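Comments concern the structure below.
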Amino acid sequence: MIWFLKRMPLLIALGITVLVMSNCTMLGMNYASLETSNKALPQPPLDVQAITGNPAVREDLKQAFEDTLYGPWPTGMAVAFSPWRVVDPDYLDGRGTLEESAVTIGSGEGARLFHLVAAFPKSDRSLPVVVSQTFSTNCASFPGEPVTAADMSFCDGSEMDGIMGKVVTQIFGRYIAEVPVSRYFDAGLAYASFYASELVPDKNGEAQAVMARMGGPISPTSALMAWSYGFSAALDVLEADPRIDSKRMAVMGHSRHGKSALMAGVWDRRIAAVIAHQSGFAGAALSRSETGEGLARMAKSYPHWLSPRVQAYLTDLPSLPVDQHELLALLAPTPVLLGNGRRDVWSDPNSTYRAAEAASAVYAADAAEGLSDAGMQAFDPESNLAYWLRPGGHSIVPRDIDAFTAFLAAHLDKAAPPETAVQMAN
Numbered sequence: 004m005i006w007f008l009k010r011m012p013l014l015i016a017l018g019i020t021v022l023v024m025s026n027c028t029m030l031g032m033n034y035a036s037l038e039t040s041n042k043a044l045p046q047p048p049l050d051v052q053a054i055t056g057n058p059a060v061r062e063d064l065k066q067a068f069e070d071t072l073y074g075p076w077p078t079g080m081a082v083a084f085s086p087w088r089v090v091d092p093d094y095l096d097g098r099g100t101l102e103e104s105a106v107t108i109g110s111g112e113g114a115r116l117f118h119l120v121a122a123f124p125k126s127d128r129s130l131p132v133v134v135s136q137t138f139s140t141n142c143a144s145f146p147g148e149p150v151t152a153a154d155m156s157f158c159d160g161s162e163m164d165g166i167m168g169k170v171v172t173q174i175f176g177r178y179i180a181e182v183p184v185s186r187y188f189d190a191g192l193a194y195a196s197f198y199a200s201e202l203v204p205d206k207n208g209e210a211q212a213v214m215a216r217m218g219g220p221i222s223p224t225s226a227l228m229a230w231s232y233g234f235s236a237a238l239d240v241l242e243a244d245p246r247i248d249s250k251r252m253a254v255m256g257h258s259r260h261g262k263s264a265l266m267a268g269v270w271d272r273r274i275a276a277v278i279a280h281q282s283g284f285a286g287a288a289l290s291r292s293e294t295g296e297g298l299a300r301m302a303k304s305y306p307h308w309l310s311p312r313v314q315a316y317l318t319d320l321p322s323l324p325v326d327q328h329e330l331l332a333l334l335a336p337t338p339v340l341l342g343n344g345r346r347d348v349w350s351d352p353n354s355t356y357r358a359a360e361a362a363s364a365v366y367a368a369d370a371a372e373g374l375s376d377a378g379m380q381a382f383d384p385e386s387n388l389a390y391w392l393r394p395g396g397h398s399i400v401p402r403d404i405d406a407f408t409a410f411l412a413a414h415l416d417k418a419a420p421p422e423t424a425v426q427m428a429n
């Protein structure tokens with residue numbers, strides 16, 4: 004029974020995989036179109052001059068996303084954290100240390116606690132850091148290490164052990180669970196991550212109940228916004244550590260956590276770079292697109308991810324006051340990498356590119372290099388708005404890590420998070 008309960012998340016994942024076996028698009032058996040010129044322009048049109056020249060316009064646009072899609076950013080929600088506990092003083096054969104901090108968001112009986120695990124390379128200077136949210140527990144992300152599990156026990160092994168783990172990694176990639184920390188160390192980066200469902204469970208009904216009890220002056224009404232605030236809380240922890248360069252902190256997420264990484268980059272301007280890998284709808288894919296999963300299907304399947312208010316727009320998506328090219332525009336000039344798979348039609352790489360293409364004008368107005376005009380297959384890690392398309396489906400594979408580290412290396416040598424034209428004018 005204990006064996007079964009520990010592996011419940013993987014059993015659920017495998018069950019879902021079996022259920023979707025008849026859906027070719029979801030399984031990645033089709034290819035995303037590389038043609039963009041024959042598609043409609045993203046709507047509403049971007050007013051580049053207003054977005055870059057008027058801070059009130061930016062704030063109004065953020066408010067429109069809160070009002071329709073994501074719910075409120077939980078401003079003023081209390082964040083507290085414990086001192087680091089050293090998990091492994093000789094991590095990766097002595098290359099660094101593995102440590103964890105217990106982070107609490109909210110107040111009262113409904114406050115939520117999650118464990119942030121960080122790998123610090125041994126260095127005599129402060130280092131940049133990339134912070135990730137994970138689908139898997141910390142036990143799976145750091146197998147064999149006695150980090151703290153969600154039930155407050157110390158991890159012993161990983162739920163990714165055995166045949167089930169092999170099946171999941173075959174489907175979703177080598178790094179869907181275990182983190183290639185050595186690769187980030189090689190790139191001169193510290194690495195930190197947390198299991199997002201420890202903060203707010205990824206379950207309809209339960210998620211809403213948890214968020215309503217968190218005890219802040221403003222409560223999140225969508226799991227995506229709550230997870231985004233989790234990124235912000237993690238930055239509070241890392242910013243207080245002298246081993247970390249607080250001006251060079253990046254966030255990263257895959258799939259639903261790619262969505263929350265983009266959102267965190269908009270609402271927390273300390274973030275110096277964002278990696279949103281296969282973020283799909285409510286992430287970087289256009290809500291009005293009719294390719295792939297679609298916003299309406301996603302919002303009905305996972306209503307806890309989004310604000311309840313979005314349900315009113317699902318039968319008439321053109322009436323939605325915002326779309327995702329505007330979210331990308333709000334990120335400018337923060338460096339953003341949009342990762343995609345050619346067979347991941349479900350996440351709609353084509354409309355993701357077109358959203359970036361539209362937002363690129365705002366990057367240019369903010370004196371930042373925007374999207375390459377060489378098409379969907381051109382990857383330029385030095386662009387502030389970079390697009391990465393590889394073969395394959397919805398997964399995290401070694402080639403993705405190559406792209407991530409190349410992008411971070413190109414952008415985290417900056418002295419401070421980039422400022423918008425509006426900020427520089429004030």
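Quick note: the sequence shown uses the numbering used here, first residue 4, plus one each step.
Think of the CB as a built atom: it goes at the ideal place given N, C-alpha and C, for glycine as much as any other residue.
It should be emphasised that the depicted structure is a prediction, and the values quoted were computed from it without experimental measurement.
Quiz item: CB-CB under 6 Å to Asp239, same chain, minus the five flanking residues each way: which ones, in chain order?
Solution: Val82
Quiz item: Is the segment 367-387 in contact with the segment 304-324, if contact means three or more CB pairs nearer than 8 Å?
Solution: no
Quiz item: Cα separation between Asn26 and Asp63?
Solution: Note that Asn26 scores 48 on pLDDT, short of 50, meaning its location in the model is unreliable; the coordinates nonetheless yield the value given after this. For Asn26 and Asp63, the distance between alpha carbons rounds to 39 Å.
Practice problem: Enumerate in chain order the residues of its own chain whose CB-to-CB distance from Ala362 is below 6 Å, with the five nearest sequence positions on each side excluded. | Solution: His328, Leu331 and Ala332
Practice problem: Would you list the one or two residues that DSSP bridges to Thr100? | Solution: Phe123
Practice problem: Out of Val365, Thr224 and Phe407, point me to the one whose CA is closest to Asn57's CA. | Solution: Val365
Self-check item: Rounded C-alpha distance that separates Gly79 from Ser139
Solution: 29 Å
Practice problem: Following the continuous alpha helix (DSSP H) through Ala359, name the residue where it begins and the one where it ends. | Solution: Pro352 to Ala368
Quiz item: Taking just the CA atoms, how far does Gly286 sit from Phe188?
Solution: 28 Å
Exercise. Report buried or exposed for Gln136, applying the criterion of at least 16 other Cβ atoms within 10 angstroms of its Cβ.
Key: buried
Quiz item: Is it true that the CB of Asp347 sits closer than 8 Å to the CB of Thr1?
Solution: Because the chain in this structure spans residues 4 to 429, residue 1 falls outside the shown range and cannot be described.
Quiz prompt | Rounded straight-line distance, which links the Cα of Leu320 to that of Leu388 | solution = 26 Å
Quiz item: Between Gly286 and chain C, is there a C-beta pair that is closer than 8 Å?
Solution: Protein chain content of the structure displayed is limited to a single chain, and chain C is not contained in it.
Quiz item: Could you give the distance in angstroms between the alpha-carbon of Ile108 and the alpha-carbon of Gly147?
Solution: 28 Å
Quiz item: If you check the beta carbons only, do Met182 and Ser144 fall under 8 Å apart?
Solution: Sequence check: residue 182 is Val here, not Met. Yes; because the gap between Cβ atoms is below 8 Å, this pair is in contact.
Quiz item: Within 10 angstroms of its Cβ, does Ala53 collect 16 or more other Cβ (buried), or is it exposed?
Solution: exposed
Quiz item: Among Asp244, Ala152 and Val133, which has the Cα closest to the Cα of Asp416?
Solution: Val133
Self-check item: Identity of the residues DSSP links to Val269 by a beta bridge
Solution: According to DSSP, which records beta bridges pairwise, Val269 is partnered with nothing at all.
Self-check item: Distance, Pro45 Cα to Arg402 Cα
Solution: 30 Å
Quiz item: Looking only at C-alpha atoms, which of Ser110, Arg186 and Tyr73 sits nearest to Ala122?
Solution: Arg186
Practice problem: Using three-state DSSP, classify Asp138 as helix, strand or coil. | Solution: According to the sequence displayed, residue 138 carries Phe and not Asp. Looking at Phe138 - three-state DSSP - the assignment turns out to be coil, as it is neither helix nor strand.
Quiz item: Below 8 Å, can you find three or more Cβ-Cβ pairs linking the segment 223-234 to the segment 256-269?
Solution: yes
Quiz item: In whole angstroms, what is the alpha-carbon distance linking Leu392 and Val120?
Solution: 29 Å
Quiz prompt | Selection from Ala243, Phe284, Thr337 and Lys206 that minimises the alpha carbon distance to Asp369 | solution = Thr337
Quiz item: So is Asn207 buried or exposed if we call it buried at 16+ other beta carbons inside 10 Å?
Solution: exposed
Quiz item: Would you call the segment 274-289 and the segment 192-209 touching, i.e. three or more CB-CB distances under 8 Å?
Solution: no
Quiz item: Helix, strand or coil: how does DSSP classify Asp405 here?
Solution: helix
Quiz item: By the 10 Å Cβ neighbour count, where 16 or more other Cβ atoms means buried, how is Gln314 classified, buried or exposed?
Solution: exposed
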